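Quick notes on the structure that follows.
Residue numbers (the numbering used here): 1 to 412.
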């Protein structure tokens with residue numbers, strides 16, 4: 001089995017070398033630290049939710065839905081042909097043209113933005129925009145006169161009813177397009193393509209990005225059985241034995257396995273994580289587009305980590321523990337403290353604060369070295385907590401399948 005333990009953070013200064021302000025900041029952010037026994041409890045609760053999600057009678061009440069993907073095996077290396085791929089899962093989406101010949105492949109790709117008004121508009125507007133970009137892509141790469149198969153990676157919680165049928169459960173990651181929830185996203189894409197009359201595309205399969213990650217790794221290493229996404233959002237999938245999947249409604253021929261899309265970002269949505277959530281987690285959730293949803297994701301993913309740090313900073317400033325000047329409008333504005341600032345600040349050795357001061361300038365703030373030291377501590381605690389929670393979740397899958405050797409591919 002995989003033991004869950006965390007590496008200690010860099011040792012804090014001895015108390016006699018620490019200012020009173022720094023001591024108070026340490027004390028007030030201690031609930032962001034998760035001891036080993038707490039991580040073990042997180043893992044145990046997640047395993048319970050996994051089993052509920054796989055059960056026929058308990059699936060409906062499970063926080064973690066464990067959706068069946070209908071993908072039964074990984075590539076065997078004999079695949080060949082020319083394919084389109086569409087990868088939709090954030091504020092940008094990718095279109096790819098891939099030529100595969102066994103182990104060899106070539107790939108061209110373009111990234112297209114999704115304007116904010118489209119993310120919050122109608123489903124028809126979203127899929128029309130995607131179809132328009134598909135047309136431009138095929139024009140650019142001179143394949144508009146060909147009929148090509150397309151694989152659709154759709155990185156939002158879906159209930160799959162087959163390889164080409166996936167109904168959106170609910171939007172995440174800042175999307176709120178109307179008329180899409182409970183609808184088959186493949187059908188919506190097909191309708192948008194058909195309306196144009198200038199491209200000929202067959203949508204052959206729809207998968208979650210975790211499944212796509214697993215399959216792409218398995219094309220090179222056949223032992224890959226677990227795909228993990230830690231980016232704008234977080235999710236994982238893994239290969240499960242059919243005997244453990246009560247929801248399976250297909251045949252039981254070989255291979256007796258299927259990839260399960262965990263949708264673990266929703267872990268905690270019914271209260272399982274209340275013992276580790278902080279005031280900052282609750283504030284972010286209440287102010288989000290989907291309050292009460294994706295609570296595990298909101299503690300981990302790149303979309304929220306910078307905002308977590310900002311809210312801690314604002315709270316400490318209000319308690320007169322950081323910054324002698326007033327909070328700037330930028331520091332008061334949600335999501336202006338970017339997640340990338342965390343890694344920039346943490347990248348410097350102890351006692352060096354060039355990046356921290358630079359970030360403060362970007363936020364229109366003036367901070368002392370002591371403020372920067374506290375900022376570094378807060379960034380470390382937020383990022384370490386995210387890493388420990390992901391590690392506990394991965395260990396849960398590994399322990400659930402401990403008799404099966406697993407190779408893990410992480411996409412960050």
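Every residue, glycine too, gets a C-beta built ideally from N, C-alpha and C.
Please read these numbers as outputs of a predicted model, since none were measured by experiment.
Which of helix, strand or coil DSSP assigns to residue i
i           : result
residue 319 : coil
residue 199 : coil
residue 363 : coil
residue 222 : coil
residue 394 : helix
residue 193 : helix
residue 114 : coil
residue 166 : strand
residue 120 : coil
residue 160 : strand
residue 177 : coil
residue 241 : strand
residue 15  : With a pLDDT of 48 at residue 15, under the threshold of 50, the predicted position of this residue should be treated as unreliable, though the coordinate-derived value follows. DSSP places residue 15 in helix when its eight states are reduced to three.
residue 207 : strand
residue 188 : helix
residue 128 : helix
residue 216 : helix
residue 134 : helix
residue 25  : helix
residue 182 : coil
residue 10  : Below a pLDDT of 50, predicted positions are generally treated as unreliable, and residue 10, at 49, falls in that range; the measurement from the model is reported next regardless. If DSSP states are grouped into helix, strand and coil, residue 10 belongs with coil.
residue 399 : helix
residue 139 : helix
Check whether residue i and residue j have beta carbons under 8 Å apart
i           : j           : result
residue 68  : residue 247 : yes
residue 257 : residue 241 : yes
residue 203 : residue 152 : yes
residue 365 : residue 337 : no
residue 374 : residue 346 : no
residue 184 : residue 165 : yes
residue 199 : residue 144 : yes
residue 321 : residue 21  : yes
residue 101 : residue 278 : no
residue 172 : residue 290 : yes
residue 244 : residue 210 : no
residue 201 : residue 237 : no
residue 264 : residue 113 : no
residue 284 : residue 313 : no
residue 230 : residue 42  : no
residue 341 : residue 306 : yes
residue 134 : residue 82  : no
residue 108 : residue 141 : yes
residue 206 : residue 71  : no
residue 311 : residue 331 : no
Residue i, buried or exposed, once every other Cβ within 10 Å from all chains shown has been counted against 16
i           : result
residue 288 : buried
residue 233 : buried
residue 155 : buried
residue 352 : exposed
residue 93  : buried
residue 286 : exposed
residue 363 : buried
residue 160 : buried
residue 271 : exposed
residue 157 : buried
residue 371 : buried
residue 267 : buried
residue 50  : buried
residue 27  : exposed
residue 333 : exposed
residue 381 : buried
residue 269 : buried
residue 15  : Confidence at residue 15 is low in this model, with a pLDDT of 48, below 50, so its placement is unreliable and the value that follows should be read with caution. Counting Cβ neighbours within 10 Å, residue 15 comes out exposed, since fewer than 16 surround it.
residue 10  : Summary for residue 10: the model assigns pLDDT 49, below 50, so the residue's position carries little reliability, and this model does not support an answer.
residue 297 : buried
residue 45  : buried
residue 193 : buried
residue 361 : exposed
residue 400 : buried
Check: residue i C-beta below 7 Å from any heavy atom of the ligand GTP
i           : result
residue 253 : The ligand content of the structure shown is nil, which means the ligand GTP is not present either.
Contact between the stretch 170–187 and the stretch 111–127 is defined here as three or more beta-carbon pairs at a separation below 8 Å; is this criterion met?
yes
Whole alpha helix (DSSP H) runs in the stretch 335–389 with 4 or more residues, listed along the chain?
339–346, 354–362
Just to confirm the assignment: which complete alpha helix (DSSP H) runs, minimum length 4, are found wholly within the stretch 250–336?
279–286, 295–300, 302–318, 329–332
Assess, as a yes-or-no matter, whether the stretch 79–98 is touched by the stretch 52–65 under the definition of 3 or more beta carbon pairs within less than 8 Å.
no
Determine contact between the stretch 283–301 and the stretch 381–391, defined as no fewer than three beta-carbon pairs at a distance below 8 Å.
yes
When you compare the stretch 70–79 with the stretch 208–221, are there three or more beta-carbon pairs, one atom per stretch, that lie closer than 8 Å?
yes
Would you be able to state if there are at least three C-beta pairs under 8 Å between the stretch 126–134 and the stretch 186–193?
yes
Start-end ranges of the alpha helix (DSSP H) lying completely within the stretch 31–93, minimum 4 residues:
36–54
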